[in-house]
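Have a look at the structure below before the remarks.
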Amino acid sequence: GIQVEQSPPDLILQEGANSTLRCNFSDSVNNLQWFHQNPWGQLINLFYIPSGTKQNGRLSATTVATERYSLLYISSSQTTDSGVYFCAVEGAIQGAQKLVFGQGTRLTINP
Amino acid sequence: GAGVSQSPSNKVTEKGKDVELRCDPISGHTALYWYRQSLGQGLEFLIYFQGNSAPDKSGLPSDRFSAERTGGSVSTLTIQRTQQEDSAVYLCASRRGGSGNTIYFGEGSWLTVV
Chain A
282 GIQVEQSPPD LILQEGANST LRCNFSDSVN NLQWFHQNPW GQLINLFYIP
332 SGTKQNGRLS ATTVATERYS LLYISSSQTT DSGVYFCAVE GAIQGAQKLV
382 FGQGTRLTIN P
Chain B
2 GAGVSQSPSN KVTEKGKDVE LRCDPISGHT ALYWYRQSLG QGLEFLIYFQ
52 GNSAPDKSGL PSDRFSAERT GGSVSTLTIQ RTQQEDSAVY LCASRRGGSG
102 NTIYFGEGSW LTVV
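Quick note, the sequences are listed as chains A and B, same order.
Per the numbering used here, the very first residue in the first sequence carries number 282; after that it's consecutive.
Per the numbering used here, the very first residue in the second sequence carries number 2; after that it's consecutive.
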């Protein structure tokens, strides 16, 4: 099945810094989503982005489908950005129909 | 409802007991998923329902796990004869239609087997 790798596994930054999280995937995808898991375990949708670029406030994401990677950018980090960021993909193979998750990037923003 | 609703939010059970976890998807969403997340780990796919099609059960870890979806809406995940390694957060998700649409997650059911 499709493989998803996220890097780095851990990232520690000071408040105000910028960060880039990467997601590599092994095959063509119909769906790619970025999630933020908060300290209470809730998965919050950030972006639905199987291709192209999107921005939402301080966050933006770019997926280059032909090169099989996606990047999540966080600018001017705040302590509330801390948590685990997951990339999840749905392969384009007929019948795949399920999101496969990477292992996540644990982001810690220190005040 | 406004979002995916799961119950109970927390469950502590004794080893060997059966548990049922409930998921109420977003109204109008035909696809429903169950995932499991052990402490500090990523999300593990368990089972997928899409409309009236046969469910994809390929992620269920053992025959102690089963799930059903009644009337194309509410789903129940049942774990029989629970073991300590079943302790995890069980997350339900739903989406409208098939591939290519956004998937939305509930807040999860935290299961602790003692």
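Quick reminder that beta carbons are idealized off the backbone N, C-alpha and C, glycines included.
Being a predicted model, the structure only gives us computed values, none of them experimental.
Check, Outcome
"Under the three-state reduction of DSSP, which class applies to B/T71: helix, strand or coil?", "coil"
"Thinking just about the alpha-carbon of each residue, which of A/A373, A/A369, A/T361 is nearest to the one in A/I390?", "A/T361"
"Does DSSP classify A/E348 as helix, strand or coil?", "helix"
"Going by the DSSP bridge assignment, what does B/I80 pair with across the sheet?", "B/V20, B/F66"
"Between the Cα of A/P290 and those of A/N312, A/P392, A/E371, A/G364, spot the shortest distance and give me the residue it belongs to.", "A/G364"
"Whose Cβ in chain B lies nearer than 8 angstroms to the Cβ of A/Q323?", "F106, E108, G109"
"Kindly list the residues whose CB is nearer than 6 angstroms to the CB of B/F66, restricted to its own chain and excluding five residues on each side of it in sequence; keep chain order.", "I80"
"Please name the residues in the stretch 325-337 of chain A whose beta-carbon is closer than 8 angstroms to at least one beta-carbon of chain B, in chain order.", "N326, Y329, P331"
"In the DSSP assignment, what are the bridge partners of A/I293?", "A/T389"
"Determine the direct distance from the alpha carbon of B/S88 to that of B/G4, and round the result to whole angstroms.", "25 angstroms"
"In this structure, does DSSP put A/T334 in helix, strand or coil?", "strand"
"For A/Q284 versus A/S309, is the C-beta spacing smaller than 8 angstroms?", "no"
"Suppose you measure from the CA of B/K58 to the CA of B/S8; what does that come to, to the nearest Å?", "21 angstroms"
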